[in-house]
Every structure is written in structure tokens, then in C-alpha cells.
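Those sequence lines, one after another, are chains A and B. Counted the way our numbering counts, the first sequence spans residues 218 to 541. Counted the way our numbering counts, the second sequence spans residues 218 to 541. So the structure is just underneath, and the comments pick up after that.
Protein chains: 2
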Amino acid sequence: MRLATLRDGSRDGALVVVAKAGDRRASAVSVAPTLQRALDTWERSRDGLEALATRLETDAAFGEPLDVKELAAPLPRAYEWVDGSAYPNHVRLVRKARGAEPPADLLTNPLVYQGGSSVLLAPTEPITLGDPAWGLDFEAEIAVVLGDVARGTRAAAAERAIRLVMIANDVTYRGLVSAELAKGFGFFQAKPATAFGPFAVTPDELGAAWRDGRVFMRLRSTLNGAVAGDTETGPEMHFSFADLIEHIARTRAFAAGTVLGSGTVSNAAPERGVSCLVERRALETIAHGAPTTAYLKKNDRIRIELLDEHGDGPCGAIEQTVIE
Amino acid sequence: MRLATLRDGSRDGALVVVAKAGDRRASAVSVAPTLQRALDTWERSRDGLEALATRLETDAAFGEPLDVKELAAPLPRAYEWVDGSAYPNHVRLVRKARGAEPPADLLTNPLVYQGGSSVLLAPTEPITLGDPAWGLDFEAEIAVVLGDVARGTRAAAAERAIRLVMIANDVTYRGLVSAELAKGFGFFQAKPATAFGPFAVTPDELGAAWRDGRVFMRLRSTLNGAVAGDTETGPEMHFSFADLIEHIARTRAFAAGTVLGSGTVSNAAPERGVSCLVERRALETIAHGAPTTAYLKKNDRIRIELLDEHGDGPCGAIEQTVIE
Chain A
218 MRLATLRDGS
228 RDGALVVVAK
238 AGDRRASAVS
248 VAPTLQRALD
258 TWERSRDGLE
268 ALATRLETDA
278 AFGEPLDVKE
288 LAAPLPRAYE
298 WVDGSAYPNH
308 VRLVRKARGA
318 EPPADLLTNP
328 LVYQGGSSVL
338 LAPTEPITLG
348 DPAWGLDFEA
358 EIAVVLGDVA
368 RGTRAAAAER
378 AIRLVMIAND
388 VTYRGLVSAE
398 LAKGFGFFQA
408 KPATAFGPFA
418 VTPDELGAAW
428 RDGRVFMRLR
438 STLNGAVAGD
448 TETGPEMHFS
458 FADLIEHIAR
468 TRAFAAGTVL
478 GSGTVSNAAP
488 ERGVSCLVER
498 RALETIAHGA
508 PTTAYLKKND
518 RIRIELLDEH
528 GDGPCGAIEQ
538 TVIE
Chain B
218 MRLATLRDGS
228 RDGALVVVAK
238 AGDRRASAVS
248 VAPTLQRALD
258 TWERSRDGLE
268 ALATRLETDA
278 AFGEPLDVKE
288 LAAPLPRAYE
298 WVDGSAYPNH
308 VRLVRKARGA
318 EPPADLLTNP
328 LVYQGGSSVL
338 LAPTEPITLG
348 DPAWGLDFEA
358 EIAVVLGDVA
368 RGTRAAAAER
378 AIRLVMIAND
388 VTYRGLVSAE
398 LAKGFGFFQA
408 KPATAFGPFA
418 VTPDELGAAW
428 RDGRVFMRLR
438 STLNGAVAGD
448 TETGPEMHFS
458 FADLIEHIAR
468 TRAFAAGTVL
478 GSGTVSNAAP
488 ERGVSCLVER
498 RALETIAHGA
508 PTTAYLKKND
518 RIRIELLDEH
528 GDGPCGAIEQ
538 TVIE
């Protein structure tokens, strides 16, 4: 099933179930008023939400028309936003462009950072340019929403904690990254609010494209109408979401509603393009000694969509415009 | 006023107002069911909470007896936990012990890290030793709970966003710190769940001890009954909470309920003792070439309390035991 959050003036919005066609929604407040509450009570709420989803498919008169602009992020605020870096190609490329080696344990020790989660952007909410020297970039990613995860959960048991799949734009100010990396305390000012796609879907909604704790689909990023990247999300995701859960749960527990990201989806084949501009700049630097692609500027439009083999996008599209 | 959260089996517990003597509590659910809800609606809820606090002081028959063991953290889960490092002496000491210089911008560019916040420990909840090689340590700190903070908020306007003051034990696995610092993505496995003191108090509850965005009191840490540190919290807090807010809000907004920590309280005068064991080990290393103090072990008891000039502790005490 597909879930979404309708903006209603409250901090958490109102939970709705969305038809597979993405054109209709049904209020789910009789089951759970908010997505967080549904996650808090998943064992009790799931069946009721599934019943609403079934009725949307069988009764064309049920529900209301859906306008994506009325939606907030599925979780407008979340208790944790943890982002991994599960695609080694991204790390290798960016390091190579600055003449550095990738970390020796790149394939055995996941990179993860803890992001801010009290303000998460709606799929159509603008991104703020800020100081142009900050180098605004997008990062197209897949994210999962977790149920409760006990401390010490191992990868083999972790997949059952994955409740929902979403897409994300992990907005980054590239110009602020290196100083924060050098401080060692992690990204902070370099990571403004992250945006999420409109629909949070149960893994079964992806069919055979959900396997081994990974999504096997295409993540397409379009900048001002031109495809920047059309990347395969499955084969090069070195650490599965289950692996990432084992890593983050080594010394602490997580409560339901934790959002966990894949990091920028990145493919070794250059013809696949990029899911963030810093990778294109890295390729340019490796080939020509310097980047020619500029970071985002005012009025730029970024669209991110996760597509199946038929060109359908179960998680909906992120469509954001850059404002000053 | 003093607020606390009663464990009632729910994820957020039930909000109570606590008498100044710390011995009685009154249910606040008629005003707001949880502390998060009170923070979400502070302009509407504050007066009602104050009225309950006043009645607790004037009517000795009002409320129920309070047992600290029945309390959760004031926010058992929070939307953000951001921890600063506002006491330069801590950074200088730890770096000096390993023969390193402090960062050149130590006094102009605050160090902050984003911590996990979906599971926060009650004041009397045990701490897990884990692998003894992980080097379990406590870190006694002051923390504030914020209202909504707009992106770009400057220090001069930031103090009005500070709603509540608490104490914290930012539990740390020292043995996992250096590898994570080297990765640059920030602390993760090195920081298990943080514990908070029982009472979250409005700044006015501290009287003249709250000024310039700082608390001017003593933070006493006691390990197995022996005082480890009795540190002054005010004079050496180089960055005020308002300064820290300006730093974290440079590129994004924060929603009500964000918890912001001071970092380990640390004084240059050695006779003040320490608010974490790694500092004592640093002093031993500087004096004798190697540390002699061990990290925490099973059954160790740590007590942390913020004391005023009369020896009263408005935020209550953290009292935790180390378990395997």
C-alpha cells in the first residue's frame, strides 16, 4: 500500500492512503491520525490501512482527488534521520577527483551520518539557495522507514523492521562539506533540511523489485527538464538496508519512525549519469582537470523519481525549485 | 516550573508538574498529555502548567507523591538531539594528552554533533557496558529544550527559543571514538543512548543562575560515592546556548522539542575535578605519560546533579548503574 501525509496545518499532518494510480486518496484518521502513530502501532493499524487501500482499488467512487502539492513529507518530522553511503562508486569518484584514496574499509565498514529530523521538506517544497558560495547540490536517494529496532539487531533479522520505502533528496551545501569533514564531528551546516517523495510504500508494493534488503529499480534525476541520471538502484548498493541497520544498531536501539537513507545512488557506468552534481564535477575533474558543471542556482528545477520497468513510479516524484 | 514525564507504558509517557521540593507531582494531562505536546503548543499551554505549579506550592494536599524511579526522560523520544562542545578546556585537555593541537578556530567555530534521539534514557535507567574494550564513559552536561527556531536565527534573538533546562549524561564509548572521528561522518556507534535528568525546568526556575544564555551553577559528578568533579558551569562555557543556536540554525530550521547540549562541562582548575573519565585520563597522561583511571565497569554507579549555592538541585539527579 501507499501512504501519504496531507498538510492540514498541524505539525504531523493527516494520514491518507493513496490509490495505486496516485490520483486518489482516502483519509486514514479512523485507523491512525498520523503516519507516526501508524508506525507506533503498526501491528494494530496495518490491517485497517490495507483495507482502505483495497477499497481504493475496488471502488472508484471512494476517496478524494489527490493533489501532490497538498502533501507534506510522509513524516513531516521524524525521531531520527540516519543516512548511509551504500554505493561505493560515489565515494570512490569523489575521492579520486581530489586525488585521495577511498577508505581502506570502504567495503566492510559502512559510512553513516546522523541528520536533522525535526523539519523535513515536502516533495514540492522549495530548496533555499542561501549563499551561492555554499554550492547547493541535490542527492537522489532511497530511504526506508523502520519499526522498532533493538540494540544488537543483526542483518539477518533486520529486514523485518523495514516498514516503508520512500525517495529522498538529501540536499547538501558542497562548499560547507570539507570544513565539517575535517572537524570530524559530522555534517551539520552542510546538510539543510532533507526532502522526501510524496508516497511511503510498503516493500510488497514494489513486488520482485524489493529483494535482499534493496530496491532494484531506476532512480531518475532530472534537472531543468534534462535527465542528469537514470541510475540502477540495486546491483551496486554494496550494503543492503539490513546491513546498514546492523551497523547503526550495534550500540543502541531505534524507535519506530526512524528514517534510514541509502546515500546517493551511484553507478560505475558513466552513461547512467549521476544522482548529484558533485559526481558530474568529479568526472569532469578526472577527465579534464577541473569541473565545468555549476552547482544549483536560483529557479533551477530538480525532479527525482523511482521508476519500475513499466515507467511507473510507486513512490511518486520529488519536484523542487531553488529559491533565494 | 519543573516538568517531568511519568512512565505510563506509552512511548511519550504522561506530563506531570513537579513541586519545588521535588517530592510531589500533579498530572498535567488536562493541559497537555505529553511534554512534546506542551512544547508544540507552548504559547497556549504554559499558563495552564504554571497554574498547576503554583497550586503544588500553595496546597500541600494537591498532587501525588513523586518517585523518581517512575519517571522517564522528560522527552523519552525527541525530534533532535544536538550536542555542542562549548567548554574549550575539554577539547584542549583531550588533544594535549595525545600530543595534538586544538583546532585553530576552537574559540570561533563551535563543535556540534547530531546525536540519536528516538530512544533517550530515563534518569535511573541502567547503562550498558557492552564490550569492555569499547571504554564506557559518562559525560555530565547541561542541555536545553528549544521551541521552534527559524533558519538564520542569530544569537541575539536565540535565547527566547530556550524553553527548558535539563541535565544529561551523554554516554560515550571512548574506544569507538577515534575511528569514527577519522571517518569524518561524526559519532555514531561511539554514542549510545543519552540519559537525561528527571526534571526539565523553565530558565526562570534557576533565578540569577540563568544569565547570558548560560547556567551559573555547579555540576557534580559522583562515581561510586566519590566526587569525580564539582565543576562550575558558567564562567568557562565559551559559547552560550544562544551562540550554539545561531551556529546550528545557519542553514536550517529546528522544530519545538529539539534538545541542545553544552558538551562536557570542564574547568581549567584541576581541583574542580572532571565531568567525564577521559579528562582524568588525559590529566594522568600529561602528568605521568599514561592513564591509570579505568573506564566504567559493571556495577559502577554514576550520579550527576546540578546544584545551586544552597545545595539544591532543581533538575534532579541522574543515577545510573552500569550493567553488562
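Yeah, the Cβ is synthetic: ideal placement off N, Cα and C, and Gly gets one too. Fair warning: this is a prediction, and the values are worked out from it, not measured in the lab.
Distance CB(residue i)-CB(residue j) smaller than 8 Å
i, j, result
"residue 294(A)", "residue 248(A)", "no"
"residue 544(A)", "residue 432(A)", "Past the edges of chain A, shown from 218 to 541, lies residue 544(A), and the structure says nothing about it."
"residue 285(B)", "residue 345(B)", "no"
"residue 224(A)", "residue 472(B)", "no"
"residue 462(A)", "residue 378(A)", "yes"
"residue 231(B)", "residue 269(B)", "no"
"residue 332(A)", "residue 253(B)", "no"
"residue 361(B)", "residue 292(B)", "no"
"residue 410(A)", "residue 338(A)", "yes"
"residue 520(A)", "residue 534(A)", "yes"
"residue 537(B)", "residue 412(B)", "yes"
"residue 281(B)", "residue 241(B)", "yes"
Residue interval of the alpha helix (DSSP H) (run including residue i)
i, result
"residue 300(B)", "First-last for residue 300(B): 298–301, but that is the beta strand (DSSP E), not the alpha helix (DSSP H)."
"residue 310(A)", "305–314"
"residue 374(A)", "372–375"
"residue 500(A)", "494–505"
Endpoints, beta strand (DSSP E) assigned at residue i
i, result
"residue 331(A)", "329–332"
"residue 520(B)", "518–524"
"residue 447(A)", "443–449"
"residue 478(B)", "476–478"
"residue 253(B)", "Unbroken run through residue 253(B) is the alpha helix (DSSP H), 252–257; no beta strand (DSSP E)."
"residue 219(B)", "219–223"
"residue 437(B)", "435–440"
"residue 463(B)", "That residue, residue 463(B), is in no beta strand (DSSP E); its alpha helix (DSSP H) goes 458–465."
"residue 380(B)", "379–386"
"residue 233(B)", "231–235"
"residue 244(A)", "241–244"
"residue 285(A)", "Residue 285(A) -> no beta strand (DSSP E), and no H or E assigned at all."
"residue 394(A)", "Residue 394(A) -> not in any beta strand (DSSP E); alpha helix (DSSP H) instead, spanning 394–400."
"residue 358(B)", "357–363"
"residue 539(B)", "534–540"
Integer Cβ distance of residue i from residue j, believed to fall under 8 Å
i, j, result
"residue 446(A)", "residue 437(A)", "7 Å"
"residue 208(B)", "residue 239(B)", "This structure leaves residue 208(B) out entirely; chain B is present only between 218 and 541."
"residue 481(A)", "residue 492(A)", "5 Å"
"residue 306(B)", "residue 453(B)", "6 Å"
"residue 310(A)", "residue 500(A)", "7 Å"
"residue 490(A)", "residue 448(A)", "7 Å"
"residue 234(A)", "residue 220(A)", "6 Å"
"residue 380(A)", "residue 470(A)", "Actually they do not touch by this definition, with Cβ atoms about 16 Å apart."
"residue 296(A)", "residue 483(A)", "With a Cβ gap of about 28 Å, residue 296(A) and residue 483(A) do not count as contacting."
"residue 479(B)", "residue 359(B)", "4 Å"
"residue 426(B)", "residue 525(B)", "6 Å"
Other residues of its chain near residue i: CB distance less than 7 Å, five sequence neighbours each side excluded
i, result
"residue 532(A)", "382, 383, 384, 414, 416, 418, 523"
"residue 512(B)", "352, 353, 354, 391, 494"
"residue 389(B)", "354, 356, 407, 408"
"residue 371(A)", "463"
"residue 441(A)", "517, 518"
"residue 530(A)", "522, 523, 524"
Neighbourhood of residue i by C-beta distance below 6 Å, restricted to the same chain and skipping five residues each side
i, result
"residue 376(B)", "430, 459"
"residue 236(A)", "273"
"residue 394(A)", "407"
"residue 547(A)", "In the structure as shown, chain A begins at 218 and stops at 541. Residue 547(A) is therefore absent and cannot be evaluated."
"residue 515(A)", "346, 539, 541"
Cut-off 8 Å between Cβ atoms - residues of its own chain near residue i, not counting five sequence neighbours on either side
i, result
"residue 403(A)", "330, 331, 397"
"residue 318(B)", "312"
"residue 264(B)", "none"
"residue 466(A)", "366, 367, 368, 369, 370, 375"
"residue 308(B)", "302, 319, 320, 323, 328"
Worksheet item: If you measure beta-carbon to beta-carbon, which residues of the stretch 460–472 of chain A are closer than 8 Å to chain B?
Response: Of all residues in the stretch 460–472 of chain A, 464, 465, 467, 468, 469, 470, 471, 472 have a Cβ within less than 8 Å of some Cβ in chain B.
Worksheet item: If you measure beta-carbon to beta-carbon, which residues of the stretch 401–422 of chain A are closer than 9 Å to chain B?
Response: Those residues of the stretch 401–422 of chain A that come within reach of chain B (Cβ to Cβ, closer than 9 Å) are 401, 402, 403, 404, 405, 406, 407, 408, 409, 410.
Item to complete: Please list the residues of the stretch 275–294 of chain B that have a C-beta atom closer than 7 Å to any C-beta atom in chain A, keeping them in chain order.
Response: Within the stretch 275–294 of chain B, the qualifying residues are 294.
Practice prompt. Compile a chain-ordered list of the residues in the stretch 347–368 of chain A whose CB is closer than 8 Å to at least one CB of chain B.
Written response: Cβ contacts with chain B come from 347, 351, 368.
Item to complete: With 8 Å as the C-beta to C-beta threshold (strictly closer), list the residues of the stretch 239–257 of chain B near chain A in chain order.
Response: Residues of the stretch 239–257 of chain B with a C-beta atom less than 8 Å from some C-beta of chain A are 257, listed in chain order.
Practice prompt. Identify each residue in the stretch 509–527 of chain B for which the Cβ-Cβ distance to at least one residue of chain A is less than 9 Å, and report them in chain order.
Written response: Here the close residues number zero.
Practice prompt. Can you give me, in chain order, the residues of the stretch 472–485 of chain A that have a beta carbon less than 9 Å from any beta carbon in chain B?
Written response: Here the close residues are 472, 473, 474, 475.
Worksheet entry | Contacting positions in the stretch 329–340 of chain A - beta carbon closer than 9 Å to chain B | Legend: CB atoms of the stretch 329–340 of chain A lying less than 9 Å from CB atoms of chain B belong to residues 329, 330, 331, 332, 333, 334, 335, 336.
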